[in-house]
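Everything below concerns the one structure shown next.
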Amino acid sequence: MQTIIISDSNIKMDFGIDQFVIFEINGTKYAIYKHVAKMMDIFNVLGDCDDKNMISIEWKISAENVNQTLHLINHGTCIIVTEADKVEIISFMRYLCVADEVMKNTLKKLFNRESTHKFLEYCIYVQYNEIFGYILDKCIHRLYIDESNCTHLDAERWQMIKKIKKVDFSKDLKVKLMTNPITGLIPTRYRYNNKWYVTLDDMFCDIVSIYILFGIYPNDYLKFSDGTIVGYSGIMIDRDPTKKDAGVCYNIMIKNIAAALSE
């Protein structure tokens, strides 16, 4: 039998046992590369740990989801999991204090636009878990609904608003979640005399109709620092990007609507 000799002395010996961290989760032993362990703050104390003195972790998570979690942390893929599995995995990863970039990539793999909407609905029918708010706060941009050329809330927006109102989220998170479906109904901007404006009369949507639809009748006026009054209904909103207050009133208007709807 021919013996194959590897003569390259520069080959990295990265499969030796000394390159791994051995640990235990719920009574089962696991091994991961040390560079992967460094992605989790909980393992930063493992420098002196060995097989005789290993870290032992107890957490409410299935063995299957432990395996999924380790694959995701190691930049691997994840098979299709249920909403409950996603909560379990993300909750465990937070306990392990995984690096922000790893968590960001994991959320991207687990939650696309469709699955984020599905997850929002899931949150309504199960016992509240603080991880719900964390996930939706991080994935809020995936709840976007395209701009609508109408003067009323279409069925998709209505459904989302109803779902958000049902979930036991904080008021601040509800406002953030409601902002997306409302934003698509806000008139788009146009340029006039080198300034950006939003008109509440001539564009895609009449904001007054939205106010009336929800019984929202704002009495306060917003003012720029120069004293210029900027109203809510029928008055042009200054969007001059060179002005210090540019866009502030626009954003406040959206948040005020969202806040009223979330109550």
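When you read off a place in the sequence shown, starting at 1, and then add 256, the result is the number in the working numbering.
Virtual Cβ for every residue (Gly too), placed ideally from N, Cα, C.
These figures come from a predicted structure and were not determined experimentally.
(1) Quick one: is Arg398 buried, meaning 16 or more other Cβ sit within 10 Å of its Cβ, or exposed?
(2) Just to confirm the assignment, what range does the alpha helix (DSSP H) spanning Lys285 have?
(3) With Val277 as the anchor, note down where its alpha helix (DSSP H) starts and where it stops.
(4) Apply the 10 Å Cβ neighbour rule to Glu519 and answer buried if 16 or more other Cβ atoms are within range, or exposed otherwise.
(5) Using a threshold of 8 Å, state whether the C-beta atoms of Tyr286 and Leu328 are closer than that.
(6) Does DSSP put Ser318 in a helix, in a strand, or in coil?
(7) Just to confirm before moving on: does the CB-CB distance between Phe279 and Ile317 stay below 8 Å?
(8) Rounding to the nearest angstrom, what Cα-Cα distance links Val354 and Asn323 in this structure?
(9) Please classify Ile273: is it buried, with 16 or more other beta-carbons within 10 angstroms of its beta-carbon, or exposed?
(10) Considering just the uninterrupted stretch of the alpha helix (DSSP H) at Glu377, what are its terminal residues?
According to the structure data:
(1) Here residue 398 refers to the residue found at position 142 of the sequence shown. Taking every protein chain shown into account, the CB of Arg398 has 16 or more other CB atoms within 10 angstroms, so this residue is buried.
(2) Looking up residue 285 in the sequence shown gives position 29. Following the DSSP letters along the chain, one finds Lys285 in no alpha helix (DSSP H) but inside the beta strand (DSSP E) bounded by residues Thr284 to Tyr289.
(3) By one-based count along the sequence shown, residue 277 stands at place 21. Here Val277 belongs to no alpha helix (DSSP H); instead the beta strand (DSSP E) covers Phe276 to Ile281.
(4) On the sequence shown, residue 519 is found 263 positions in, with the first residue counted as 1. If you draw a 10 Å sphere on the C-beta of Glu519, you find fewer than 16 other C-beta atoms in it, and that means exposed.
(5) As a position in the sequence shown, residue 286 is number 30, starting the count at 1. As a position in the sequence shown, residue 328 is number 72, starting the count at 1. No, the pair does not count as a contact, with Cβ atoms beyond the cut-off.
(6) As a position in the sequence shown, residue 318 is number 62, starting the count at 1. Ser318 carries a coil assignment under DSSP once its states are collapsed to helix, strand and coil.
(7) As a working mapping, residue 279 is identified with position 23 in the sequence shown. As a working mapping, residue 317 is identified with position 61 in the sequence shown. For Phe279 and Ile317, no; Cβs fall outside 8 Å.
(8) By one-based count along the sequence shown, residue 354 stands at place 98. By one-based count along the sequence shown, residue 323 stands at place 67. Computed Cα separation, rounded: 15 Å.
(9) Taking the first residue of the sequence shown as position 1, residue 273 is located at position 17. Exposed, since its Cβ has fewer than 16 Cβ neighbours within 10 Å.
(10) As a working mapping, residue 377 is identified with position 121 in the sequence shown. Where Glu377 is concerned, the enclosing alpha helix (DSSP H) starts and stops at Arg369 to Tyr381.
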